[in-house]
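A.B. asks: Numbering of the sequence shown is given in the working numbering, commencing with residue 385 and proceeding in unit increments.
Backbone N, C-alpha and C define an ideal beta-carbon position, used for all residues, glycine too.
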Amino acid sequence: MAPSAESPGQAVFDAVILAGGEARRLGGADKPGLTVGGRPLVEHVVTAVADARTTIVVGPERPIPAVVFVREDPPRSGPVPALAAGLNGVTAPWVVLLAGDLPFITASHVTSLLNAATTRPSSTSPAHVPDDVEGAAPEEGPVGGVVMVDDGGREQWLAGVWPAARLKRALAAYSGRSLKGLLGPLTAVRLSLPGRPWFDCDTMDDLEEARMHVLNEWTALACKELGIDPADVDRDLILDLTKEVAHGVARPAAPLTAYLLGLAQGAGTAPDDAVAKLITLAKNWGQATTETLTDS
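1. Helix, strand or coil: how does DSSP classify Trp-546 here?
2. Flag this pair as yes or no: are the beta carbons of Val-494 and Leu-551 separated by less than 8 Å?
3. According to DSSP, what are the bridge partners of Trp-478?
4. Specify, as a first and last residue, the run of the alpha helix (DSSP H) that Ala-666 falls within.
5. Assign Glu-592 to buried or exposed, taking buried as 16 or more other Cβ atoms, counted over all protein chains shown, within 10 Å of its Cβ.
6. What's the C-alpha gap between Glu-609 and Ala-500?
7. Looking at the secondary structure, which residues open and close the alpha helix (DSSP H) in which Arg-574 lies?
8. Going by CA-CA distance only, name the one from Arg-553, Leu-482 and Ala-554 that's closest to Val-533.
9. Give me the Cβ distance between Gln-649 and Leu-498, rounded to the nearest whole Å; I'm assuming they're in contact under 8 Å.
10. Closest by CA to Val-400, which one among Lys-415, Ala-450 and Val-474?
11. Between the stretch 623–638 and the stretch 654–673, do three or more beta carbon pairs fall short of 8 Å?
12. Are Val-442 and Glu-456 touching if we call contact CB-CB under 8 Å?
13. Once DSSP output is grouped into helix, strand and coil, what is the label at Glu-456?
14. Can you determine whether any heavy atom of the ligand SAH sits closer than 7 Å to the C-beta of Gly-632, and answer yes or no?
15. What residue from Met-588, Pro-424 and Trp-541 has the CA that sits closest to Ser-562's CA?
16. If we call anything under 8 Å between Cβ atoms a contact, is Leu-566 one with Leu-577?
17. Give me, in chain order, the residues of the same chain whose beta-carbon lies closer than 8 Å to that of Leu-471; leave out the 5 immediate sequence neighbours on both sides.
18. Roughly how many whole angstroms lie between the Cα atoms of Gly-421 and Trp-582?
19. For Asp-398 versus Ala-450, is the C-beta distance shorter than 8 Å?
20. With a cut-off of 8 Å on the beta carbons, I'd call Pro-463 and Leu-402 a contact; round off their distance for me.
21. Would you kindly report the start and end of the unbroken beta strand (DSSP E) that includes Ile-440?
22. Provide the residue span of the beta strand (DSSP E) that contains Val-531, from first to last.
23. Using CA coordinates, which residue listed in Val-573, Gly-579, Gly-537 and Lys-627 is at the minimum distance from Val-598?
24. How big is the Cα-Cα spacing for Ala-604 and Pro-614?
25. On the CB-based measure, 16 or more other CB atoms within 10 Å of its CB, does Ile-612 come out buried or exposed?
26. Which whole-angstrom value is the C-beta distance of Ile-440 and Val-426, which I expect to be below 8 Å?
27. With Val-530 and Ala-572 assumed to form a contact (beta carbons below 8 Å), what rounded beta-carbon distance in angstroms separates them?
28. Thinking just about the alpha-carbon of each residue, which of Cys-585, Gly-528, Thr-587 and Trp-602 is nearest to the one in Arg-574?
29. Could you round the C-beta distance between Asp-584 and Leu-486 to whole angstroms and report it? I think they count as a contact, below 8 Å.
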């Protein structure tokens, strides 16, 4: 596989994405393959590390170009064996380690992690520099691992950047099963980033929240493009309408009904209770068709 192009001025890194867990809280579903915003979760993560020299996904092989797929032995044996399997293919000086279910992670978040890892801290903040940092000269300034923290300040061990050689040495000497136990001693910086790049989809509620977030973003962008005040859009009511139409009439009727409603409202001909009337019509569609439709 040809490695990805490297961005000028950015630290050279490989990416390891762990995407082979059991997803017990999702009933054993293929979590990285579940979609948010029309794409599988793992593809969101792969896109965020597009500048990696090599991207290694630890998990079942999928039709994603320019990605190396490997499996831990045995499969689904935990994050530490999965990390070990991924690290076997790492040759860059830095490794970005991410979970395969982060729908909101972006390339800019990854760049921020890399910058924090490769920028030497000032002399006024020695607490961020581990005592046992090895290797580069002071002017090169690698400071060790960087882990992302969530909005509650909790470390997210599957969202960080690590010096690859040092991580490999630590892993070779580690006999535990916890990523925190492995990565904690290597951590130099705990980094909070804007947005929710740490948000993962462990449950169906998480997945639904991620999908609704995408819907919120789409609504805002579409309103801006069309010159509509988002406050004038009762999103939940429209979603109720389209759901009733899709289930009660036919799936293609849902977007058509929303379009017809928009035309009527734009022309000023829709009654105030238009949505309620349409929902009632959809719920009673079977009876309505029996009474009004003929074969002619």
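C.D. replies: Per the coordinate set shown:
1. strand
2. no
3. Phe-397 and Pro-547
4. 658–667
5. exposed
6. 36 Å
7. Counting along the chain, Arg-574 falls outside any alpha helix (DSSP H), though it belongs to the beta strand (DSSP E) covering 571–575.
8. Leu-482
9. No, Gln-649 and Leu-498 are not in contact; Cβ-Cβ is about 48 Å, not under 8 Å.
10. Val-474
11. yes
12. yes
13. coil
14. Absence of the ligand SAH is noted for the structure shown, with no ligands found whatsoever.
15. Trp-541
16. no
17. Val-400, Val-479, Ala-548, Leu-551, Lys-552 and Leu-555
18. 17 Å
19. no
20. 6 Å
21. 439–442
22. 529–533
23. Gly-579
24. 6 Å
25. exposed
26. Not a contact, Cβ separation roughly 12 Å.
27. 7 Å
28. Gly-528
29. 6 Å
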